[in-house]
Amino acid sequence: MPKNKIEIFYFSGTGNTLLITKAIKDVFEKHNINVILTKMEKTNPKEINKQHIIGLAFPVAMQGTFPLVWNFVRKLPNTKGTEIFMVDTLKEFSGGIVGPLKRLLKNKGYKTIGAKEILMPGNLLRRNINPEKDNKVIDKGIQKAKEYANAIIKKKAKWHRLPFLSDFLSLVSRSKRPWKLLRRLYPLVVDRKKCVKCGICARLCPVDNIEMADYPLHKDKCQYCMRCISFCNEKAISINNKNYSAYKAVPLKAMLKP
Ligand SMILES: Cc1cc2nc3c(=O)[nH]c(=O)nc-3n(C[C@H](O)[C@H](O)[C@H](O)COP(=O)(O)O)c2cc1C
0 MPKNKIEIFY FSGTGNTLLI TKAIKDVFEK HNINVILTKM EKTNPKEINK
50 QHIIGLAFPV AMQGTFPLVW NFVRKLPNTK GTEIFMVDTL KEFSGGIVGP
100 LKRLLKNKGY KTIGAKEILM PGNLLRRNIN PEKDNKVIDK GIQKAKEYAN
150 AIIKKKAKWH RLPFLSDFLS LVSRSKRPWK LLRRLYPLVV DRKKCVKCGI
200 CARLCPVDNI EMADYPLHKD KCQYCMRCIS FCNEKAISIN NKNYSAYKAV
250 PLKAMLKP
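The sequence shown maps to residues 0 to 257 in numbering that gives the first Met the number 0.
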């Protein structure tokens, strides 16, 4: 397997995908393969190095993935046979990502060498959090990620394409309307009694949706990655003022790293 460098472009709202990406990196590095981890939201996809083997890692959202991930993939340059693999993390079901992504990448000339979906704890609208249960799911997920990385090394990974249903399901997360509806139904609310105006939420937002005016102000671009809610030290941001529990898989400092 790969003598070249591997560059994994990842997006993680609340840390699950980051943990999985790091587990994959560890396995590659144990095999003396050089790995670079790069945040999708900080990268111009047009400028990626096509000599590297490319990895894509992201969460499932609305049976597909977040618009920012779709946009990243859409803007990847055409190539002639650059090897690429993907991994997504999800609570229970996707359906609208593995197939459509394969087609998109193949049309751009990539060689699709592996796709894996890994179950991790849910991070959306949770009534309560049970760390013990979550940790078991995380441990299993990390184990799966390691097995997947080993399969990639042995050239045994597969990228199965589920046709038709997958293309149909992907329309949900690929179109703008469901996201707009989400913003209407579930507005993010800042509790001014709790907010200490530290600005962490604005720094963390991957789509520059938060303006630090007097208090954080959510504009109309939110993709519901849950980052601002989960990493607010004061628990000052909520959905619709409801008491959902914020889930996070890593500490704030892991998220703030470049
Ligand atoms: C807006 C939103 C939509 C989601 N949609 C799905 C979904 O369709 N299917 C699923 O299994 N999980 C879904 N999830 C759960 C996440 O995919 C899962 O918790 C993921 O591991 C989070 O990764 P992260 O911590 O790296 O952000 C959704 C989460 C969010 C925030």
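We treat Cβ as the ideally placed atom computed from N, Cα and C, and that holds for glycine. Keep in mind it's a predicted model, so treat the numbers as computed, not measured.
- A Cβ-Cβ contact shorter than 9 Å links lysine 45 with proline 76.
- Straight-line spacing of the CA atoms in phenylalanine 71 and lysine 252 works out to 25 Å.
- Here alanine 235 really is in contact with aspartate 190; their C-beta atoms are around 5 Å apart, less than 8 Å.
- Under the DSSP assignment, tyrosine 147 falls in the alpha helix (DSSP H) whose first and last residues are 130 to 152.
- Here glutamate 6 is near glycine 54, since their CB atoms are less than 9 Å apart.
- As DSSP reads the structure, threonine 13 sits in no beta bridge.
- Of all alpha-carbon atoms in Val34, His30, Thr13 and Leu104, the one lying nearest the alpha-carbon of lysine 21 is that of Val34.
- Leucine 100 has its Cβ no nearer than 8 Å to any heavy atom of ligand 1.
- Residue side-chain check: methionine 61 places its Cβ nearer than 8 Å to a non-hydrogen atom of ligand 1.
- For glycine 98, the secondary structure class from DSSP, reduced to helix, strand or coil, is helix.
- Closest in alpha carbon position to tyrosine 214, among Tyr185, Cys231, Cys227 and Lys196, is Lys196.
- Contact holds between the stretch 144 to 152 and the stretch 113 to 133, because three or more Cβ pairs, one in each stretch, are under 8 Å apart.
- Within the model, the alpha-carbon separation for arginine 183 versus phenylalanine 8 is close to 30 Å.
- C-alpha of threonine 16 to C-alpha of phenylalanine 10: approximately 7 Å in a straight line.
- Boundaries of the alpha helix (DSSP H) harbouring aspartate 166: 164 to 173, taken from the DSSP string.
- Per DSSP, the beta-bridge partners of leucine 118 are Leu89.
- Listed in chain order, the non-local C-beta contacts of serine 237 below 6 Å within the same chain comprise Val188, local neighbours out to five positions each way being set aside.
- Straight across, the Cα-Cα distance linking valine 171 with aspartate 87 is about 17 Å.
- Under the 10 Å beta carbon count, asparagine 122 is surrounded by 16 or more other beta carbons and is classified as buried.
- Taking every protein chain shown into account, the CB of proline 99 has 16 or more other CB atoms within 10 angstroms, so this residue is buried.
- Annotation for threonine 37 indicates a beta carbon at 8 Å or more from all heavy atoms of ligand 1.
- Spatial neighbours of glutamine 62 in its own chain (CB-CB distance under 8 Å, excluding positions within 5 residues in sequence) are listed in chain order as Phe92, Ser93, Gly94, Gly95, Ile96, Leu168, Ser169, Val171 and Ser172.
- Contact between tyrosine 109 and threonine 78 holds, with the beta-carbon distance rounding to 6 Å and staying under 8 Å.
- Taking glutamate 40 as the centre and dropping the five residues before and after it, the same chain places the C-beta of Phe10, Leu67 and Pro205 closer than 7 Å to its C-beta, in chain order.
- Distances taken from the Cβ of threonine 16 to the heavy atoms of ligand 1 include one shorter than 8 Å.
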